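In my numbering, the protein residues as written are 1035 to 1324.
The beta carbon of each residue, even a glycine, is placed where N, CA and C say it ideally should be.
All of these numbers come straight from a predicted model, not from anything done at the bench.
Below: the structure, in structure tokens.
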DNA sequence: AAGAACTCCTGGATGC
DNA sequence: TGCATCCAGGAGTTCT
């Protein structure tokens, strides 16, 4: 499941493969994959034909290709989305939903997505309120991620402490800080020895900043691993595969001993999914906000 | 209006 | 063995 590090691997790969190239035709094979493009699949294709991609950018888990007409092709990978560079003669993947062809002989760009939570859309660019950065319309409410120049953890801490909710809900709130998903939230909380239901209001500013620093650390480590294996035609999303086994301390580790205290990691229902924590070093706080 | 719940989806894993 | 159920979860939508 792509979170910030996995999306960044895709972004950097795409930047190398598609920047400067001109789109010839776009084939939408599954309308659902462009469902957020309000004007429909035909308009989606029409707006891309003839456009040249100037750069590939990212905020949190959103990535977009800036076009030469001041619009952007925005992509979100959802749970299982992949953006692949494939030679034209390569057989279609089972879940190939959108094919973007270029006016040259180099590989085409394919959007492949088994669970179809991801999608593509063409949007205007707008100025967002935190850094004044030029982003696609629907990214306008997504807060800066910890790797952006100008990211201000003090600002995040102030906003977060004002929320009436639990700390993990806040970490997952892309309007507060973006890029963090279920995996890295659990890992950052373990590193900071915090329970996921600790109320945001119980945190001091420095405690929030420490937690954010841990999130940065774990995502940097993941990015370092995902980045190493990427040097082929294949712009992949499973940067998680190598990372999963080696470095995760709590996520998916139910029943295994905590690397700090030896207590068995527990899995608990949370927001219709799961939270993993060590019952020894991440104690349930008073006034827990589930 | 903020915060929480619900919803979308597929296929591998699990249970009987 | 085969069928049914569970489970993964990002973010837009709907609810309270």
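Three-state secondary structure (DSSP) of residue i
i	result
residue 1180	coil
residue 1164	coil
residue 1104	coil
residue 1319	coil
residue 1246	helix
residue 1260	helix
residue 1226	coil
residue 1017	Within the shown structure, residues of the chain are numbered from 1035 to 1324, placing residue 1017 beyond reach of any answer.
residue 1252	helix
Rounded separation between residue i and residue j - CA only
i	j	result
residue 1180	residue 1066	31 Å
residue 1134	residue 1141	10 Å
residue 1132	residue 1061	6 Å
residue 1282	residue 1229	17 Å
residue 1168	residue 1161	5 Å
residue 1288	residue 1318	17 Å
residue 1218	residue 1253	7 Å
residue 1305	residue 1313	19 Å
residue 1039	residue 1173	18 Å
residue 1119	residue 1207	31 Å
residue 1243	residue 1226	10 Å
residue 1080	residue 1136	14 Å
residue 1046	residue 1090	8 Å
residue 1199	residue 1324	8 Å
residue 1299	residue 1222	15 Å
residue 1068	residue 1083	16 Å
Exposure label - residue i; buried when at least 16 CB within 10 Å
i	result
residue 1224	buried
residue 1220	buried
residue 1149	exposed
residue 1175	exposed
residue 1258	exposed
residue 1093	buried
8 Å Cβ shell around residue i - same chain, five flanking residues per side excluded
i	result
residue 1321	1233, 1236
residue 1095	1036, 1037, 1038, 1041, 1110, 1111, 1208, 1212, 1213, 1215
residue 1266	Caution applies to residue 1266, whose pLDDT of 44 falls short of 50 and renders its modelled position unreliable; the value that the coordinates give is listed next. Within the same chain, residue 1266 has no close Cβ partners at all.
Close beta carbons around residue i, own chain, < 7 Å, minus the five adjacent residues each side
i	result
residue 1307	1216
residue 1103	1085
residue 1315	1227, 1292, 1294, 1295
Nonlocal neighbours in the same chain, by C-beta distance under 6 Å from residue i, ignoring five residues either side
i	result
residue 1049	1090
request  = Scan the region 1178-1223 and note each continuous alpha helix (DSSP H) run of 4 residues or more that stays entirely inside, going in chain order.
outcome  = Within the region 1178-1223, the runs of alpha helix (DSSP H) at least 4 residues long that lie entirely inside it are, in chain order, 1187-1196, 1201-1206.
query = Which runs of the beta strand (DSSP E) spanning at least 3 residues fall entirely within the region 1038-1094, listed in chain order?
reply = 1057-1062, 1087-1093
query = Can you list the beta strand (DSSP E) stretches of 3 or more residues lying completely in the region 1289-1316, in chain order?
reply = DSSP runs (the beta strand (DSSP E)) wholly in the region 1289-1316: 1300-1304, 1307-1311.
query = Unbroken beta strand (DSSP E) runs of length 3 or more, entirely within the region 1121-1159: which are they?
reply = 1130-1136, 1142-1147
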